[in-house]
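Okay, so here's the structure we're looking at.
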Amino acid sequence: IIYARELGYQIKLLAIAQKEGFELELRVHPTLIPQGHLLAQVRGINNAIYVSADLVGDLLFFGPGAGKVAAASAVVSDLQDAVLDLQSGLFRRKFTAIEDKSIKRLRSIDQTYCRYYIRFMVIDKPGVLAAISGVLAKFDISIASVTQKERKRSKAVPIVMIIHEVKEKNLRQALIKIESLKVIKESPVAIRIEQI
Numbered sequence: 006i007i008y009a010r011e012l013g014y015q016i017k018l019l020a021i022a023q024k025e026g027f028e029l030e031l032r033v034h035p036t037l038i039p040q041g042h043l044l045a046q047v048r049g050i051n052n053a054i055y056v057s058a059d060l061v062g063d064l065l066f067f068g069p070g071a072g073k074v075a076a077a078s079a080v081v082s083d084l085q086d087a088v089l090d091l092q093s094g095l096f097r098r099k100f101t102a103i104e105d106k107s108i109k110r111l112r113s114i115d116q117t118y119c120r121y122y123i124r125f126m127v128i129d130k131p132g133v134l135a136a137i138s139g140v141l142a143k144f145d146i147s148i149a150s151v152t153q154k155e156r157k158r159s160k161a162v163p164i165v166m167i168i169h170e171v172k173e174k175n176l177r178q179a180l181i182k183i184e185s186l187k188v189i190k191e192s193p194v195a196i197r198i199e200q201i
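So the mapping is simple: my numbering equals the position in the sequence shown, first residue as 1, plus 5.
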């Protein structure tokens, strides 16, 4: 988290939905977003929904969504709906998903493209960066930036990389190969970056 902040990012848990051609991409994961973005300012019990649409542009909906009061309110509302459904014999609630006939399938996470923050804990010796970048190159992965911190007491040092947009499947395969290198001391940490 410290390195991400130094690079100008805030970590947030995001649920992302976007339409790409005939596919719908749905994913939920920790994500790095620029510190200056409005979503980076959402804290505490608050949640937000950020929408980017052709006709209306960018919209942000913000309010309580976690914590005792917000959770209790949602539970009471659901119970109220269930009681009304039982009393009336009808299923009153409507799903809010919009039917879009142009969507033919869900996109596999392996086929998504993202930028990435990656942290490697490595032995501090010559050739380590070359070994890592060599594996990345084999999987057609381009490095945007690299930072290596000086060694302190331990023998392992962090190498932090920002990776240009890459196919998820390629990155996962590369990380498996990199983790098997003898110079790697811990499993690499990879976090997606959203440029919103």
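Positions of the beta carbon are idealized from the N, C-alpha and C atoms, including for glycine.
Around S107, the same chain offers F27 as residues with beta carbons nearer than 7 Å, after the five sequence neighbours per side are excluded.
Non-local C-beta neighbours of K174 in its own chain, meaning closer than 8 Å and more than five positions away in sequence, comprise D115 and Q116, ordered along the chain. By the neighbour-count criterion, in which a residue is buried when 16 or more other Cβ atoms sit within 10 angstroms of its Cβ, F125 is buried. Look at the beta carbons and you see the stretch 147-155 not touching the stretch 183-199: under three pairs across the two are nearer than 8 Å. The continuous alpha helix (DSSP H) containing Q178 extends over residues E173 to E184. I16 and A9 do touch by the CB rule: their CB atoms are close to 6 Å apart, below 8 Å. Annotation for S192: E184 place their beta carbon closer than 7 Å to its own, counting only its chain and skipping 5 residues before and after. Shown here, E199 sits in coil according to DSSP, grouped into three states, outside any helix or strand. When DSSP states are grouped into helix, strand and coil, G139 belongs to the helix group.
For the stretch 18-70, the full-length beta strand (DSSP E) segments reaching 3 residues or more read 28-39, 51-58 and 62-69 along the chain. Under the 10 Å beta carbon count, V140 is surrounded by 16 or more other beta carbons and is classified as buried.
For the pair A20 and T36, the Cα-to-Cα distance works out to about 9 Å. Nearest neighbour of K24 by Cα position, chosen from A45, V56, I128 and I50, turns out to be V56. The three-state reading of DSSP puts S93 in helix, counting H, G and I together. Checking the DSSP bridge columns, you'll see P163 partnered with M126. S150 is bridged by DSSP to I167.
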